[in-house]
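Colleague: Here's a structure for you.
Protein chains: 2
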Amino acid sequence: MNNAFRRAVPQYINQEFDGRQRVVIENVSPEIDGGKYPAKTVEGQCFFVEADIFVDGADTITAELCFRTLGSTGWQCSLMEQQGNDRWQGSITVGLPGRYEYTVKARVDHFQTWKKGLSKKIDAGQDVSLDLQIGALYIDEGVKRAGAADAAKLTLFASRTRSSDAGEAIAAALDVQLAILMERYPDNAHASLYDKVLALTVEQKKAGCSTWYELFPRSWGSEPGKHGNFNDCRRQLPMIAGMGFDVLYLPPIHPIGYTKRKGKNNALVAAPGEPGSCWAIGNRDGGHKAVHPELGTLEDFTAFVTEAEKYGISVALDIAFQCSPDHPYVIEHPQWFTWRPDGTVQFAENPPKRYEDILPINFESADWQNLWIELKSIFLFWIGTGVKIFRVDNPHTKAFPFWEWAISSIREEYPDTVFLAEAFTRPKLMARLAKVGYSQSYSYFTWRNTKQELQDYMIDLTSAPLKHFMRANFWPNTPDILHEELQSGDRVKFIIRLVLAATLSSNYGMYGPAYELCEHLPVGEGKEEYLDSEKYEIRQWDLDRPGNIRAEITRINRIRKENSALQQTCDITFVRIEASPGLEHNQLMAYVKRSEDGSNIILTVVNLDQSGKQAGWLRFPLELFGLSHLHPFKVEDLLNGLSYNWSGEWNYVEVNPWNMPAHIFRVLLA
Amino acid sequence: MNNAFRRAVPQYINQEFDGRQRVVIENVSPEIDGGKYPAKTVEGQCFFVEADIFVDGADTITAELCFRTLGSTGWQCSLMEQQGNDRWQGSITVGLPGRYEYTVKARVDHFQTWKKGLSKKIDAGQDVSLDLQIGALYIDEGVKRAGAADAAKLTLFASRTRSSDAGEAIAAALDVQLAILMERYPDNAHASLYDKVLALTVEQKKAGCSTWYELFPRSWGSEPGKHGNFNDCRRQLPMIAGMGFDVLYLPPIHPIGYTKRKGKNNALVAAPGEPGSCWAIGNRDGGHKAVHPELGTLEDFTAFVTEAEKYGISVALDIAFQCSPDHPYVIEHPQWFTWRPDGTVQFAENPPKRYEDILPINFESADWQNLWIELKSIFLFWIGTGVKIFRVDNPHTKAFPFWEWAISSIREEYPDTVFLAEAFTRPKLMARLAKVGYSQSYSYFTWRNTKQELQDYMIDLTSAPLKHFMRANFWPNTPDILHEELQSGDRVKFIIRLVLAATLSSNYGMYGPAYELCEHLPVGEGKEEYLDSEKYEIRQWDLDRPGNIRAEITRINRIRKENSALQQTCDITFVRIEASPGLEHNQLMAYVKRSEDGSNIILTVVNLDQSGKQAGWLRFPLELFGLSHLHPFKVEDLLNGLSYNWSGEWNYVEVNPWNMPAHIFRVLLA
């Protein structure tokens, strides 16, 4: 080929450039950062791909979505369909966790173009004898591409299309069997391939739907005052599984530093015997690959993980890349830290604040390659004990290129690992962590409290680009965050936030038992930290304390488990509720979720006002389901078992928080 | 470098991957289709680039926009500024037409990070003696990077920062001169470069601002009934320039086919002596590189082009890649056409419609490379006569890859060529033509008639992504399109559409003299074609016909010429006009445009209702200019010379179409 053509023309993949490839394929979605990062989905899901596809002139085109496992040869292709405005859509149901590739192929379909023109000319009463001769030539070409049996059929069609009996020839040309045969042997000689092969990461099911429970093992000792251990935690598994949780997340389980150890309520100096913060990792007993001796042995931990699996619970570990001043790394790898002119290591600080019990790792270390390999090996070490889910502490304070490399290289070997980013930071940093590989992310949910805030945030999360790569995990509380809204201790408020987290997001979690017991005192006015935080001391919990909301948690988790509409986040539609005609209600909010196959429909109605009954008229969007606004249907409140017959789109709803601050309706349209 | 690191990590340009490059640069704008196509601007304009730039943790960063002529080595870099939400912006004023490149560079600024922390610690009354020692080390590094004179200054600063006198040391550390010196010698060791180098096409001024006049030379004969020629057209140049046009566009000037020649009003058979459609190109006298003998010689044409330039007028040629059955290509390059089984060439058709006077070129020809080279050579041929502007007929019916190659390769040699796409087709095809290189595009303006339609369309055109690569040219009429709105012949309506085209878009044009004479009869009811269309016959025009709008055209073009705010399209703000309090006026529309330097401000108010006076209250957006809503200012109507003193944002406006259906106010804020 003439080199002059190469310079300015687009490069197509897997083939030499051919100027006859007239079909244009652009604006493929999902395509993250121009194809730099993979889109994400979860095993067993339907994955949709869209593209703008068109050709010059009036020719008919055919488009295919091409899909394959990364590294395999050959593509699995399926026809795409036109959506209007030159937008096309295709889909594929994905298999096991792993890395896949997709692209789009399209071609001018001369046979179809010809057939459409023929029909119009026949309708207009024009002479089509020459057109039939032209069509027969297309069929001749099909014969060459077809297998033996079909070639014979096509030869017959070609012959009939050339018949001197006009009626016979037209009947043959328009025969649907001919069209089917011609589609079976497409002319791909000048087909266009999209100029990128895009990546798709398929993750395990819990990446897309998970129910998290966080506990501090040391608080679960068999008797008051005794340091809890993994064997104590094993005994709690039936309780945790019974409440409906399927991920059990443990704060760091490693040896805790002594130097500058923090005391109760974050005191700068710990009293003798105080356990310290488990995020100040490492002492003479070991670092990130060691178990704090008071929690048990590595074998105890492995047994705990194995036992949890029997209850359907995945144990998630907290990976916090920071060191106490006593961490072995400080001696063994001094080059990974920042040393000051006085010969000490720089501790963490956010001037003028100082965090002297923690040393940050220097990601600009000249020895960054060995640092990266060691940090990655920490994940591999715990994967070796059976852990597949990691909650990573403050990933936004470690270099992004490290995460990109670490997560993708771990996934090459262990495609079913799940990473939750504990990032409460600016929006673009959170999105970046998701792009570079995190399965899930902590979110702003905790601080989205009004109807408008919650709806805006959900729309942001469930629209492009975020919906293609970021999965928010909604936590109404964490050991660091007791939101002001909960500080009143109002039990109803705890249930409201529980319902919102559990029904808005398919991934949600809580720091328990603080949440189920409605623990609500902050360490000080205007603070979001808990008083007597478990981060700095061993607590005892009376799980049956009056006012607890364990029954509500159990019921709501069961509803999530039984309704696939709640096992996904992105198919959500906020519906209108009016306080009076034309006036949107500002305390009642409602949203519809649908399962992928459309068979399960959940309408949640939440009263954001814990202090009083609210009522209004709700408009159920029957048009989403192709139904008339007069269609009668039934809704069943899964929280109290009551059913209602609704006679059309507008229906009266009332939510009395003293009974239950929400309805979770299963909608039965048929 | 360990190969294991290469696989999953991002690739940075022009350097080996280094994991210490912590700064993230993403979401650069403009970036067309992931960098596949160049952004566009016009010589002398300020070109703005934005990017999301951030780093893990709390370090301070510095970012630069890097710019260069394509193919040159070394970059011209300028600092970018933070816009909030991790968005940064930089700009550069571009030079001559040609191809340029840009990218973004950013780095952690450890010195600035340190200085900020130092200030906070000082404010908090903390001991900073160790911090000063640390800072002195950063200054030592600066000394190594600095030139001799500055190195000496920095050495002194390092020494003072180490002073045992705390006051002296702090004063040195916070000295603004030190900060300036340190910024002059940045530490780029671990700077991040954006992973793409993006292309920018800078075009000549008329690509961005042009005023087009279309005429059929054959109608300008020196006496009635005589075929006009280029010499006749030369005599019209003072008139055309006097009206303020700077591009004179001629329909095809080539020999016209005889076979199946169309007659008056698109009759299927021409009567003897009828001239035929000039879009049926080619006969025994030649094809696309020949001049229709009755128009004159090639020398006459070249002289005409040269003469026009003296009036500031660029002659634009129509390039229509289609052939009459008599075109020499049919004999010389039969392989470029589609032959039918009966031995004839396939004519153009859109079943059941047939266009037998025109043969389409087959872009799937096996000989496509020679076809492309020949078609490109047609542009080069006319460039040789001095033509720099081409209006391309129906480019959306020719293969897109051809345009991409042809336009970019012509521009390599002739960067000041301008291409206008005569594409009235679906939105994505129009955008694609702009991406692959067209300077301007015909638009939907003709069919956008209500206030809402016009505003929506303008917002679409002036927002990303279109604003980065597509420039609409607004035509109130063309020889093919006499919109229903104009068919009443209402002179005021013609002025309304003129004002809209001329003030909404910096590129606009008209088919004259049909427009200035308010020619308004369609060929039939419900048709948009003109009766007695010049496409098929020679017309005579009485330029002084009563009711013409030449004076208005002249005045409006002069206003465009004198007001740079109207010489650009994208800086436009639609302003509110209320018919009654709280109710948006649906007939009065108004918009503000600003010149790039902000010195010229034009507020246009148009009454879309040609039948009656309309009035309302207009809110001028003083906040755009950083002024109070009570700020008094002056507006001067450039159409009638009247001035008004306005005392704040809300002002009464009245537009009486019987005087003039619009105000074009120059706004004098100071």
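Listed in order, the protein sequences are those of chains A and B. Residue 1 is where the first sequence starts when you use the numbering used here, and the numbers rise one by one after that. Residue 1001 is where the second sequence starts when you use the numbering used here, and the numbers rise one by one after that. For every residue, glycine included, the Cβ atom is placed at its ideal position computed from N, Cα and C.
When you compare the CB positions of F620/A and N656/A, do they come within less than 8 Å of one another, or not?
Modeller: no
Colleague: Relative to the C-alpha of G1648/B, which candidate in N1659/B, E1654/B and A1670/B has its C-alpha closest?
Modeller: A1670/B
Colleague: Taking contact to mean 3 or more Cβ pairs, one atom from each stretch, closer than 8 Å, check whether the segment 103-112 of chain A and the segment 55-69 of chain A are in contact.
Modeller: Contact holds: three or more Cβ-Cβ distances are below 8 Å.
Colleague: Relative to chain B, which residues along the segment 160-173 of chain A have a C-beta separation below 9 Å, given in chain order?
Modeller: Correct list: empty, as no residue qualifies.
Colleague: Which runs of the alpha helix (DSSP H) fall wholly inside the segment 408-434 of chain A and span at least 4 residues, in chain order?
Modeller: none
Colleague: Just how far apart, CA to CA, sit V269/A and Q335/A?
Modeller: 28 Å
Colleague: So V1247/B contacts chain A; which residues on that side make the cut at Cβ distance below 7 Å?
Modeller: Those do not exist, as V1247/B stays about 26 Å from chain A at its closest Cβ, beyond 7 Å.
Colleague: In terms of residue numbering, what span does the alpha helix (DSSP H) encompassing D232/A cover?
Modeller: F230 to G242
Colleague: Taking all protein chains shown into account, decide if P427/A is buried (16 or more other Cβ within 10 angstroms of its Cβ) or exposed.
Modeller: exposed
Colleague: Whose C-beta lies closer than 6 Å to the C-beta of Q1455/B among residues of the same chain, with five residues either side of it excluded?
Modeller: F1574
Colleague: Ignore the nearest five residues each way along the sequence and tell me which others in M660/A's own chain have a CB closer than 6 Å to its CB.
Modeller: The residues are L639.
Colleague: In chain order, what residues of the segment 352-375 of chain A put their CB closer than 7 Å to some CB of chain B?
Modeller: P352, F363, E364, W368, Q369 and W372
Colleague: With DSSP as the reference, label R569/A as helix, strand or coil.
Modeller: As written in the sequence, residue 569/A is Thr, which differs from the Arg given in the question. Note: T569/A maps to coil in three-state DSSP.
Colleague: Would R1022/B pass as an interface residue toward chain A - the criterion being a Cβ-Cβ separation below 8 Å?
Modeller: yes
Colleague: For T302/A, does the three-state DSSP call read helix, strand or coil?
Modeller: helix
Colleague: How is the beta strand (DSSP E) around L248/A delimited, first residue to last?
Modeller: V247 to L250
Colleague: Would you tell me roughly how many angstroms separate the C-alpha atoms of I495/A and T450/A, rounded to the nearest one?
Modeller: Cα-Cα distance, rounded: 15 Å.
Colleague: Taking Cβ positions only, does F111/A come closer than 8 Å to chain B?
Modeller: no
Colleague: Grab the span of the alpha helix (DSSP H) containing I1025/B for me, first residue to last.
Modeller: Looking at the DSSP string, I1025/B is not in any alpha helix (DSSP H); the run it does join, the beta strand (DSSP E), is V1024 to S1029.
Colleague: Is D18/A helix, strand or coil when you go by DSSP?
Modeller: coil
Colleague: Use the C-beta contact count for M243/A: other C-beta atoms within 10 angstroms, 16 or more gives buried, fewer gives exposed.
Modeller: Burial call: buried.
Colleague: May I have the straight-line CA-CA distance separating F1684/B from L1193/B, to the nearest angstrom?
Modeller: Because chain B in this structure spans residues 1001 to 1670, residue 1684/B falls outside the shown range and cannot be described.
Colleague: In the DSSP assignment, find the unbroken alpha helix (DSSP H) run with K370/A in it and report its ends.
Modeller: As written in the sequence, residue 370/A is Asn, which differs from the Lys given in the question. Run containing N370/A: W368 to I383, per the alpha helix (DSSP H) assignment.
Colleague: By how many angstroms is the C-alpha of T1093/B removed from the C-alpha of A1406/B?
Modeller: 28 Å
Colleague: Using a 10 Å radius around the Cβ and a threshold of 16 neighbouring Cβ atoms, would you call C1046/B buried or exposed?
Modeller: exposed
Colleague: Have a look at P272/A, T73/A and R284/A and flag the residue whose alpha-carbon is nearest the alpha-carbon of E537/A.
Modeller: P272/A
Colleague: Beta-carbon separation of A615/A and E654/A under 8 Å?
Modeller: yes
Colleague: Are the C-beta atoms of N350/A and some chain B residue less than 8 Å apart?
Modeller: Chain B, which has a Cβ nearer than 8 Å to the Cβ of N350/A, makes this yes.
Colleague: Please list the residues of the segment 1121-1132 of chain B that have a C-beta atom closer than 8 Å to any C-beta atom in chain A, keeping them in chain order.
Modeller: K1121, D1123, A1124, Q1126 and L1130
Colleague: Contact criterion: CB-CB distance below 8 Å. Does R1145/B meet it with respect to chain A?
Modeller: no
Colleague: Helix, strand or coil: how does DSSP classify L96/A here?
Modeller: coil
Colleague: Closest to E1214/B by CA distance: which of M1510/B, A1166/B and K1634/B is it?
Modeller: With distances taken between Cα atoms, E1214/B lies closest to M1510/B.
Colleague: Would T62/A pass as an interface residue toward chain B - the criterion being a Cβ-Cβ separation below 8 Å?
Modeller: no
Colleague: Would A1320/B and P1252/B be called neighbours here (beta carbons separated by less than 8 Å)?
Modeller: It is a contact, given that the beta carbons lie within the stated cut-off.
Colleague: For chain B, check one thing: does any of its Cβ atoms lie closer than 8 Å to the Cβ of P10/A?
Modeller: Interpretation of P10/A is limited by its pLDDT of 42, a score under 50 that renders its predicted location unreliable; the figure taken from the coordinates is listed afterwards. Closer than 8 Å: yes.
Colleague: Hey, is F1402/B's beta-carbon within less than 8 Å of any beta-carbon in chain A?
Modeller: yes
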